[in-house]
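Under UniProt numbering, think of the first position of the sequence shown as 1, with each following residue one higher. Beta carbons: idealized from backbone N, C-alpha and C, even for Gly. For clarity, every value in this text was computed on a predicted model and none was experimentally measured. One structure is given below, encoded as structure tokens.
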Amino acid sequence: MNNWTFFREALKNFRSTGAIARASPALVKRLINSIPSNVPLRVVELGPGEGCITRALLDKMSPDSRLTVFEINPAFVGRLRTIDDPRLVVEPVGAERLTEHFAKGSVDYVVSSLPLSMIEQSVKEEIIRQSQEILRPGGQFLQYQYALQDYGLLKDNFNSVSVSFTIANLPPAFVYSCSLGML
Ligand SMILES: C[S@@+](CC[C@H](N)C(=O)[O-])C[C@H]1O[C@@H](n2cnc3c(N)ncnc32)[C@H](O)[C@@H]1O
């Protein structure tokens, strides 16, 4: 799936996609920069779309790591299912169902490119609450956003929230790194 196909899919489902182009390689690199390659990890991705972050995660993660992705758009789910990697599990359900799939404190990283600003407040709060619940102490919630609308929500749910910025994306984007602050 190329950028043009992503654009067409985004026009058909703008409220749930919330972007006109997929994340640039520079943004993807910044988003997953803190994830180590040399230890087995349990990683969850929310809103993978056609899989540009998914592929970068699989390239980076160790052979005994696991990646589970949650995506609601059937066209994107079909595309994700063509990725041939035994470490990848594709769940065709919403990110508000995380706690049905993972025990409390069982996940190392939650990587999200969900369009938070387009998601209903109560659903968004539930997704953040469940992400926080499944993360192990010392785990991280990583998210990008085009403006800082949800900084407050993340500050309310995590003990530590740091923000960086890249202009190398269309549009430029902020990256949040959130943790519970316990190692
Ligand atoms: C901005 S696109 C991100 C695509 C790709 N990961 C990227 O960064 O370019 C947001 C994605 O989130 C998905 N999405 C929206 N709401 C969702 C939800 N509640 N649960 C899971 N996926 C969702 C959309 O279908 C879309 O694929």
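- Not one heavy atom of ligand 1 falls within 7 Å of the beta-carbon of residue 3.
- In terms of Cβ geometry, residue 105 and residue 137 form a close pair [threshold 8 Å].
- Each residue's CA atom was taken as its position, placing residue 89 and residue 49 some 14 Å apart.
- For residue 18, the three-state secondary structure derived from DSSP is coil.
- For residue 135, the enclosing beta strand (DSSP E) has its first and last residue at 135–145.
- For residue 67, the enclosing beta strand (DSSP E) starts and ends at 66–70.
- Put simply, the segment 39–49 touches the segment 96–110. At least three CB pairs are less than 8 Å apart.
- Residue 120 is classed as exposed because its beta carbon has fewer than 16 other beta carbons within 10 Å across all chains shown.
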